[in-house]
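Residue numbers (the numbering used here): 109 to 196. From the three backbone atoms N, C-alpha and C, an ideal C-beta is built for every residue, glycine too.
Okay, here's the thing in structure tokens:
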């Protein structure tokens, strides 16, 4: 993954540790977190695991603007595509 735009101020990742619907997001985080953080060293990336939580990512931009994507049931590759579109 490449660096995200400068207007992105924070990413919050929410998912369930055991739910099959969160599988793709868990796999994405496990295999891509290090590369995403290396490309965006000053970007806060918050990972929240909670039983029964929907798989979703919140992106906070300049001026407090937030966007959210739901990722239940998606593969790790689909999660990457949705995240890339979200942070453009």
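7 Å CB neighbourhood of residue i in its chain, flanking five on each side removed
i	result
residue 135	184
residue 152	118
residue 139	184
Buried/exposed call for residue i, threshold 16 Cβ in 10 Å
i	result
residue 131	buried
residue 171	exposed
residue 167	buried
residue 182	buried
Own chain, CB closer than 8 Å to residue i, minus 5 neighbours either side, in chain order
i	result
residue 126	159
Distance, residue j Cα to residue i Cα
i	j	result
residue 157	residue 124	5 Å
residue 122	residue 164	5 Å
residue 173	residue 128	30 Å
residue 120	residue 169	12 Å
The alpha helix (DSSP H) enclosing residue i, as first and last residue numbers
i	result
residue 118	Element bounds for residue 118: not the alpha helix (DSSP H) but the beta strand (DSSP E), 116-123.
Inter-residue CB distance, residue i and residue j (contact presumed, cutoff 8 Å)
i	j	result
residue 193	residue 148	Incorrect: roughly 16 Å between the Cβ atoms, too far for contact.
residue 190	residue 179	6 Å
residue 109	residue 144	5 Å
residue 133	residue 187	5 Å
Limits of the unbroken beta strand (DSSP E) element including residue i
i	result
residue 170	Neither: residue 170 is in no beta strand (DSSP E) and is coded neither H nor E.
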